[in-house]
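What follows is a single structure, written as structure tokens, with notes after it.
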Amino acid sequence: MLNLFDKKLERLDGFETDYVKILYYDLPKNFSGEYKSYNYSRFCTILSGRKHVTLNNNRKFMYTNDNYLLLPSNSKVHMDIDTDTKALVFELNDELVNNVLNKVNIEDYIKEEVKIDNNYFLGQNKYNISEDINNIFAASKSKENNNEFLIDLYAQKLVFDLIKNKSTYQILNGNSSHPINIAVKYINENIEEMINIKELAKDLHMSESNFSHLFKKVIGIKPVEYIKNKKLELALEYLRNESVTDVAFNLGYANISYFIRLFKDKYNMTPKQYKLTYFEKI
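Be aware that the sequence shown starts at 1, since it is given in the UniProt record's numbering, and climbs by one per residue.
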């Protein structure tokens, strides 16, 4: 049987504060259902049991009470339950994330880097994360008059602990006004143009050196490398229908030889060789 978790149902069942919405699910064995993360990031964990999930009709995996799943906004999840399962979800709004990011020096705290799919992060419920989960859940069950204040306090602590990991930071920061998020959005939307890093940094009220340092700290590579990689990834698509010269010009490379050299350094073949190999086979 397939059950759809729609937004109205979740609002009726959830406990909501200024910063976070708490959703609790008691899922029976053989349950199958779908839900979406809508406008905000979702922190999903399991109190008991396990979930078999398919994310965005693509990625399949299973997680238990040893794990947490962090989803960006607008994610679609299908789940299959093969044993009685109790699940807990925290919907973290943008105001919460921005409030934490604005109060801490992010460069001092990002320590871990884990290679992930950009559409989710599956982490371990250990150390501070486990404590944060327990504190939020306990406060939500409390009858104290100030429990909403405590929940928001613990939610800030959870976000603070999550942003120490570069991968979870990128997911949580996806909807924020942090300068690096603004920069990435600008680069992605103007990738076919000549992007001037110095001017971009100036628009963000930063020096070029400080901007490049923070960009690498958050994204993992310098902005010039990020731009190059994005252009070359797009080149693979364009080469299907365009000449090497047209692709180079359309991606902002006035020097075709330079474009060819960059392409060969990344893919170990020239654009022409790539085109002949994959798109012009007889």
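Ideal placement from N, C-alpha and C gives every residue a C-beta, glycine not left out.
- At a Cβ-Cβ threshold of 7 Å, A139 and N147 count as neighbours.
- The alpha carbon of P223 has as its nearest neighbour, out of I180, T83, A254 and L262, the alpha carbon of I180.
- Contiguous alpha helix (DSSP H) elements confined to the segment 167 to 201 occur at 179 to 189, taking only those with 4 or more residues.
- Cβ neighbours of D66 within its own chain (closer than 7 Å, five residues either side excluded): Q124 and N125.
- Per DSSP, N58 is not a residue of any beta strand (DSSP E), being assigned neither H nor E.
- As the crow flies, the alpha-carbon of E199 is around 10 Å from that of H205.
- Annotation for L214: the continuous alpha helix (DSSP H) segment containing it runs E208 to I219.
- Of the residues assessed, T45 falls on the buried side of the cut-off, its CB having 16 or more other CB atoms within 10 angstroms.
- For S257, the uninterrupted alpha helix (DSSP H) run begins and ends at I256 to Y267, by DSSP.
- Classified as buried, Y120 has 16 or more neighbouring CB atoms from the shown chains inside 10 Å of its CB.
- Closest option to N39, judged by alpha-carbon separation, among S243, L71, F211 and K60: L71.
- Residue pairing of R42 in beta bridges, as defined by DSSP: L71 and E91.
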